[in-house]
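J.:
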Amino acid sequence: MMFDKYLNDSLNRITNSNVKKAMAYSLFAGGKRVRPALAIALMKAYGDQVERIYPFACAIEMIHTYSLIHDDLPAMDDDTLRRGKNTCHVEFDEATAILAGDALLTEAFYQVSLCKTTAEIKIQLIQLLSDYAGANGMVLGQCLDMEAENHNQLTVMDLQKIHENKTGKLLTIPLIGAALLSNHEKDINMWKEIGRLIGLSFQIQDDVLDVTSSTEVLGKNINSDLVNQKATYVSVLGLDEAIKLSNTYYEEAFCKMKELAIDIQPLEILLDKLSNRVS
Ligand code: GRG
């Protein structure tokens, strides 16, 4: 079964309502599925069955989708366009979008309960999601990002702290999750570092694409950082240095992967795609 079919079927147990419609709308609005792809690639690299990670990958995609719905709300970035479509609160309404985000976050933990693994590993997966997506992780990053809006003298170190949490933690969850599910706990510290590097690189690309791409290609309003007067890797380092730093981080991540006793190819292919992404 393909991952998107699993994701689609995961909604079968949800009672029909406007909230369910909004959850489905945002889950299937054309996301790139980068986080599930990382989890699947690592399962392959470990020689494990990819389907074993589907419930966990589904949980991550649900949390990712909730974060985007809430990030687009008027109280946060107030965005009207994502993935070339209306944002959730524009398509439905603000209250429904808030509830859809809440429901996706909650449903993620139901999905973890479906993982075919031991109770001990499920507890570790639950702790991982709570820690990395919550107030020690992605939510912390979002909070630091909001606080930073009032400071105009941000350094690269400040940006690093924000984005290791806001972007990096959610991109690290699939790697640690796959290591846990395929019984490679000894590799977890390495995946933490690799996830951090991929996360920073992914964020720098996001900042670069915001000034170099177009609304048509990106599916969202461009120059949003400039309009919101946000400090970004591009505003702090300049465009060329930002691109260089993004490539360096991807290379470092790749070098670290090579130190592990795994079949590197599935991750190499994915990392190559990510480092050349245009949206
Ligand atoms: C609201 C708790 C809360 C957190 C929001 C993730 C986030 C934190 C905000 C989204 C805005 C943003 C630019 C985040 C940086 C990470 C990023 C580039 C997200 C977009 O991920 P993609 O490109 O999205 O994987 P698709 O649309 O492909 O699923």
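Residue numbers (this note's numbering): 2 to 280. Beta carbons are placed, not taken as given, at the ideal position from N, Cα and C, and that holds for glycine.
(1) Mind pulling the alpha helix (DSSP H) runs of 4 or more residues that sit fully within the segment 6-88?
(2) If you run the structure through DSSP and keep just helix, strand and coil, what is residue 155?
(3) Do the segment 122-129 and the segment 198-215 meet, that is, are 3 or more Cβ pairs less than 8 Å apart?
(4) Between residue 81 and ligand 1, is there a pair consisting of the residue's CB and a ligand heavy atom that are separated by less than 7 Å?
(5) Going by beta carbon distance, what residues of the same chain come within less than 6 Å of residue 177, once the five residues before and after it are set aside?
(6) Confirm the yes/no value for this check: CB of residue 12, any heavy atom of ligand 3, distance under 7 Å.
(7) Looking at residue 38: is its Cβ nearer than 8 Å to the Cβ of residue 54?
(8) If you draw a straight line from the alpha carbon of residue 241 to that of residue 216, how long is it in whole angstroms?
(9) DSSP on residue 278, reduced to helix/strand/coil?
(10) Taking the continuous alpha helix (DSSP H) assigned at residue 283, which residues delimit it?
(11) Taking the continuous alpha helix (DSSP H) assigned at residue 229, which residues delimit it?
(12) How would you label residue 152, buried or exposed, when you count the other beta carbons within 10 angstroms and need 16 or more for buried?
(13) Assuming the contact rule is C-beta atoms closer than 8 Å, residue 100 and residue 20 should be a hit. Round their C-beta distance to whole Å, please.
(14) Take the Cβ of residue 165 as the centre, count every other Cβ of all protein chains shown within 10 Å, and call the residue buried at 16 or more, exposed below.
(15) Give me, in chain order, the residues of the same chain whose beta-carbon lies closer than 7 Å to that of residue 45; leave out the 5 immediate sequence neighbours on both sides.
(16) For residue 167, which residues from the same chain have a beta carbon less than 7 Å from its beta carbon, with the 5 sequence-adjacent residues on both sides left out?
(17) Applying the 10 Å Cβ sphere with the 16-neighbour rule, what's the burial state of residue 14?
(18) For residue 49, which residues from the same chain have a beta carbon less than 6 Å from its beta carbon, with the 5 sequence-adjacent residues on both sides left out?
(19) Tell me, to the nearest whole angstrom, how far the beta carbon of residue 105 is from that of residue 24; I am working on the premise that it is less than 8 Å.
T.: Looking at the coordinates:
(1) 19-28, 35-46, 55-73
(2) One-based indexing of the sequence shown puts residue 155 at position 154. If DSSP states are grouped into helix, strand and coil, residue 155 belongs with coil.
(3) no
(4) The residue you call residue 81 lines up with position 80 of the sequence shown. Checking every heavy atom of ligand 1 against the Cβ of residue 81, none is found closer than 7 Å.
(5) In the sequence shown, counting from the first residue as 1, residue 177 sits at position 176. Excluding sequence neighbours, residue 177 sits near 129, 189, 192.
(6) Of the ligands one can find in the structure shown, namely ligand 1, none is ligand 3.
(7) Position 37 of the sequence shown, counted from the start, is the residue given in the question as residue 38. Position 53 of the sequence shown, counted from the start, is the residue given in the question as residue 54. Taking 8 Å as the cut-off, the Cβ atoms of residue 38 and residue 54 do not count as close.
(8) To locate residue 241, count along the sequence shown from 1; it is residue 240. To locate residue 216, count along the sequence shown from 1; it is residue 215. Inter-residue distance for residue 241 and residue 216 is about 21 Å (C-alpha atoms, whole angstroms).
(9) By 1-based counting over the sequence shown, the position of residue 278 is 277. Residue state, collapsed to three classes: coil.
(10) With the chain represented from 2 up to 280, any question about residue 283 goes unanswered, as that position is not in the structure.
(11) As a first step, residue 229 is located in the sequence shown; it is residue number 228 there, counting from the start. Segment: none, residue 229 is in no alpha helix (DSSP H) and carries neither H nor E.
(12) In the sequence shown, counting from the first residue as 1, residue 152 sits at position 151. So residue 152 counts as exposed.
(13) As a working mapping, residue 100 is identified with position 99 in the sequence shown. As a working mapping, residue 20 is identified with position 19 in the sequence shown. Indeed, because the Cβ distance is near 5 Å, the residues count as touching under 8 Å.
(14) Reading the sequence shown from its first residue, position 164 is the one you call residue 165. Buried, since its Cβ has 16 or more Cβ neighbours within 10 Å.
(15) Locating residue 45 in the sequence shown gives position 44, counting from the first residue. So the qualifying residues of the chain are 51, 267.
(16) If you number the sequence shown from 1, residue 167 lands on position 166. Around residue 167: 139, 142, 143, 146.
(17) Working through the sequence shown from its first residue, we reach residue 14 at position 13. Under this definition residue 14 is an exposed residue.
(18) What you label residue 49 is simply residue 48 of the sequence shown in a count that begins at 1. Short of 6 Å from the beta carbon of residue 49, and not among the five residues preceding or following it, lie these beta carbons of its own chain, in chain order: 183.
(19) For the purposes of this step, residue 105 is taken as the residue at position 104 of the sequence shown. For the purposes of this step, residue 24 is taken as the residue at position 23 of the sequence shown. Right, the Cβ-Cβ distance comes to about 6 Å (below 8 Å), so this counts as a contact.
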